[in-house]
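Participant: I'd like to ask some things about the structure below.
In our numbering, the protein residues as written are 79 to 593.
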């Protein structure tokens, strides 16, 4: 993929720009393709299309998806088909341009069927063998639930899907395979998975007052020549504590949006524990896709050591004034996120905020400024940075397998087209991915180019784990609650609840193997 044309003076520029997702190059190749009509002479095809141009004779491509576009978050702002009354015109235009391309090129109608109970409705459609749906746009956790029924298409076996293409998320292709099959489709086709990706936001104004410049923080991530640096939980704790200042007149640690004139060092929530665990490479299970075995890694010493480090970082809330675990905030029926947490960060009362990218949408009116960093390593021994997503919010596509080969081919063909024509590979800066990034990160002129590049780097280094995605045997709950409440008996909890983890996953894979 073409490199984003931004000049960086920071030491990690070469490393990051090599994996940038968004292109501003080769505009001469794309200008004649951006009018919404595909001519035979300028039509560019994904390699998976094999040079063919199928004509679906005005057939429908139906996707079942959810319809709960809530006002308070942005999870659903980018969809297969965007309501013209929903979201920013830039994103609506990008989705419309993509869909017009496909409708014109392949003579197919792209339609969304909304559902209020997506998982159960999808399961019912599968049980009834209702094959009118070409795909389900569903959160990753539920997509895995469907895939493990053995009724979903294996995209790796479809001629019209090219999983090696940059428009597909390679982290999913590499990390979420089951018995060698790829049952989830996630890539440039939609961006909700990007919104659900964890990151660290830092308040530039507040940290600058304590001598921590953006250059210093970024150089901590990479210490010259592209080498992985020492941005660890220990370093983050040090900086956050230095930025903490208790209000001498405060009667408690948390009152409404913030406490008087004091400042917090860090905001986070208990889900961060599982994100740090996966990012460190300590996945709860190790799956051998040859079915030689499914090993529960929770009983390994390295896993226990990783948990201890995460608990050291997040535990002991009773005495740690310098940071706040958001799950412990109690504002009654009030929306703590919209009315308490975000305003505190925007008012320069918090130095660091560990959160999904979705939060950035809400900081457009921030008078000061913020930057973006990856999740910290849990220790210097960790070889690289890694992050994950919120499996219950990030969406992907799964496709029911049909006996009719033509229906399978149509589903694969149009799904590939939707992803390919959403990417910079085809549309350059007018693509859906670019429109989303522009709104997410560059909505305010003072957002720095380094944060843009860091965002690309984070998305290119995501890791996935099937046990965490399914909360297998309650692993997420054990780790997250342990980090919040500083359990000292988490090992007994683990031993009591996770002894059947391997057998649970093994049984699901047996169903998948039967096809």
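Where is the CB? At the ideal position from N, CA and C, for every residue including glycine. Owing to the predicted nature of the structure, the values given are computational and were not obtained by experimental measurement.
Can you have a look at residue 202 and say buried or exposed, based on whether 16 or more other CB atoms are within 10 angstroms of its CB?
Facilitator: Along the chain shown, read from residue 1 onward, the residue named residue 202 stands at position 124. Flag for residue 202 reads exposed.
Participant: Our contact map puts residue 400 next to residue 491 with C-beta atoms below 8 Å; I'd like the distance itself, whole angstroms only.
Facilitator: As a working note, residue 400 is residue 322 in the chain shown. As a working note, residue 491 is residue 413 in the chain shown. Rounded, the Cβ-Cβ distance is 55 Å, inconsistent with contact.
Participant: Need the endpoints of the beta strand (DSSP E) that residue 450 sits in, please.
Facilitator: Taking the chain shown and counting its residues from 1, one reaches residue 450 at position 372. Element bounds for residue 450: 448 to 451.
Participant: For residue 186, count the other beta carbons within 10 Å of its own beta carbon; 16 or more makes it buried, fewer makes it exposed. Which is it?
Facilitator: What you label residue 186 is simply residue 108 of the chain shown in a count that begins at 1. Its Cβ being crowded by 16 or more others within 10 Å, residue 186 is buried.
Participant: Starting from residue 223, trace the beta strand (DSSP E) both ways and give me its first and last residue.
Facilitator: Along the chain shown, one-based indexing puts residue 223 at 145. Careful: residue 223 lies outside any beta strand (DSSP E), inside the alpha helix (DSSP H) at 218 to 225.
Participant: DSSP on residue 533, reduced to helix/strand/coil?
Facilitator: For the purposes of this step, residue 533 is taken as the residue at position 455 of the chain shown. Note: residue 533 maps to helix in three-state DSSP.
Participant: Check for me: the alpha helix (DSSP H) holding residue 210 runs from which residue to which?
Facilitator: Looking up residue 210 in the chain shown gives position 132. Where residue 210 is concerned, there is no enclosing alpha helix (DSSP H), given that its DSSP letter is neither H nor E.
Participant: Based on Cα-Cα distance, which residue from 124, 140, 184 and 173 lies nearest to residue 131?
Facilitator: One-based indexing of the chain shown puts residue 131 at position 53. When each option's Cα is compared against that of residue 131, the closest is 184.
Participant: Is residue 456 helix, strand or coil by DSSP?
Facilitator: For the purposes of this step, residue 456 is identified with residue 378 of the chain shown, where counting begins at 1. DSSP places residue 456 in coil when its eight states are reduced to three.
Participant: If you drop the 5 nearest sequence neighbours on each side, which residues of the same chain put their C-beta closer than 6 Å to that of residue 532?
Facilitator: As a working note, residue 532 is residue 454 in the chain shown. Same-chain partners within the cutoff: 450.
Participant: Whose CA, out of 434, 318 and 358, lies closest to the CA of residue 595?
Facilitator: Here the chain comprises residues numbered 79 to 593, so residue 595 is not present and cannot be evaluated.
Participant: Rounded to the nearest angstrom, how far is the Cβ of residue 464 from that of residue 584, given a contact under 8 Å?
Facilitator: As a working mapping, residue 464 is identified with position 386 in the chain shown. As a working mapping, residue 584 is identified with position 506 in the chain shown. Actually they do not touch by this definition, with Cβ atoms about 26 Å apart.
Participant: Verify whether the separation of the beta carbon atoms of residue 472 and residue 274 is less than 8 Å.
Facilitator: Position 394 of the chain shown, counting from 1, holds the residue named residue 472. Position 196 of the chain shown, counting from 1, holds the residue named residue 274. Yes. Within cutoff.
Participant: In whole angstroms, what separates the C-alpha of residue 295 from that of residue 321?
Facilitator: Along the chain shown, one-based indexing puts residue 295 at 217. Along the chain shown, one-based indexing puts residue 321 at 243. Distance between the alpha carbons of residue 295 and residue 321 is about 14 Å.
Participant: Run the CB neighbour count on residue 589, radius 10 Å, all protein chains shown included, and call it buried at 16 or more, exposed below.
Facilitator: Mapped onto the chain shown, residue 589 falls at position 511. It is exposed - the Cβ of residue 589 has fewer than 16 other Cβ atoms within 10 Å.
Participant: Does the Cβ-Cβ distance between residue 283 and residue 447 come in under 8 Å?
Facilitator: Locating residue 283 in the chain shown gives position 205, where the first residue counts as 1. Locating residue 447 in the chain shown gives position 369, where the first residue counts as 1. Yes; because the gap between Cβ atoms is below 8 Å, this pair is in contact.
Participant: To the nearest angstrom, how far is the alpha carbon of residue 112 from that of residue 508?
Facilitator: For the purposes of this step, residue 112 is taken as residue 34 along the chain shown, with counting starting at 1. For the purposes of this step, residue 508 is taken as residue 430 along the chain shown, with counting starting at 1. Note that residue 112 scores 33 on pLDDT, short of 50, meaning its location in the model is unreliable and no value can be drawn from it.
Participant: Could you pull out every residue in the same chain whose Cβ sits closer than 6 Å to the Cβ of residue 248, ignoring the five residues on either side in sequence?
Facilitator: By 1-based counting over the chain shown, the position of residue 248 is 170. Excluding positions up to five away in sequence, the list is empty.
Participant: Please classify residue 144: is it buried, with 16 or more other beta-carbons within 10 angstroms of its beta-carbon, or exposed?
Facilitator: For this step, residue 144 is matched to residue 66 along the chain shown. Per the 10 Å Cβ criterion, buried.
Participant: So, with DSSP's three-state summary, where would you put residue 445?
Facilitator: The residue given as residue 445 occupies position 367 in the chain shown. Three-state result, residue 445: coil.
Participant: Between the region 193 to 208 and the region 536 to 548, do at least 3 Cβ pairs fall closer than 8 Å?
Facilitator: Segments in contact, no.
Participant: Evaluate contact between the region 492 to 504 and the region 236 to 243, counting only Cβ atoms and requiring at least three cross-stretch pairs below 8 Å.
Facilitator: Yes, the region 492 to 504 touches the region 236 to 243.
Participant: Give every residue of the same chain whose Cβ lies closer than 7 Å to the Cβ of residue 516, excluding the five residues on either side of it in the sequence, and list them in chain order.
Facilitator: Walking along the chain shown from the start, residue 516 turns up at place 438. Only 168 meet the Cβ criterion.
Participant: Using 8 Å as the threshold, is the C-beta distance between residue 391 and residue 291 below it?
Facilitator: The residue given as residue 391 occupies position 313 in the chain shown. The residue given as residue 291 occupies position 213 in the chain shown. Cβ distance not < 8 Å, so residue 391 and residue 291 don't count as in contact.
Participant: Who pairs with residue 137 in a beta bridge, going by DSSP?
Facilitator: Taking the chain shown and counting its residues from 1, the one referred to as residue 137 is at position 59. Beta-bridge pairing links residue 137 to 186.
Participant: From residue 267 to residue 349, what distance separates their C-alpha atoms?
Facilitator: Here residue 267 refers to the residue found at position 189 when the chain shown is read from its first residue. Here residue 349 refers to the residue found at position 271 when the chain shown is read from its first residue. Going from the Cα of residue 267 to the Cα of residue 349 covers about 26 Å.
Participant: Are the beta-carbon atoms of residue 453 and residue 219 separated by less than 8 Å?
Facilitator: Indexing the chain shown from 1 puts residue 453 at position 375. Indexing the chain shown from 1 puts residue 219 at position 141. Going by C-beta atoms, residue 453 is not nearer than 8 Å to residue 219.
Participant: Among the residues of its own chain, which have a CB less than 6 Å from the CB of residue 365, if the five just before and after it don't count?
Facilitator: Counting from 1 along the chain shown, the entry for residue 365 is found at position 287. Answer for residue 365: 372, listed in chain order.
Participant: Helix, strand or coil, according to DSSP, for residue 351 in the structure here?
Facilitator: In the chain shown, counting from the first residue as 1, residue 351 sits at position 273. In the structure shown, residue 351 sits in a helix (DSSP, three-state: H, G or I).
Participant: DSSP on residue 214, reduced to helix/strand/coil?
Facilitator: One-based indexing of the chain shown puts residue 214 at position 136. It is a strand residue.
Participant: Span of the beta strand (DSSP E) holding residue 342?
Facilitator: The residue labelled residue 342 in the question sits at position 264 within the chain shown. Where residue 342 is concerned, the enclosing beta strand (DSSP E) stretches over 342 to 346.
Participant: Throw me the rounded Cβ distance for the residue 557 and residue 430 pair, which I believe falls under 8 Å.
Facilitator: As a working note, residue 557 is residue 479 in the chain shown. As a working note, residue 430 is residue 352 in the chain shown. So it is not a contact: roughly 21 Å between Cβ atoms.
Participant: Which of the three DSSP states is assigned to residue 193 in this structure?
Facilitator: Mapped onto the chain shown, residue 193 falls at position 115. Three-state DSSP puts residue 193 in a strand.
Participant: Do you know offhand how far residue 378's Cα is from residue 307's?
Facilitator: Taking the chain shown and counting its residues from 1, the one referred to as residue 378 is at position 300. Taking the chain shown and counting its residues from 1, the one referred to as residue 307 is at position 229. In a straight line, the C-alpha of residue 378 is about 27 Å away from that of residue 307.
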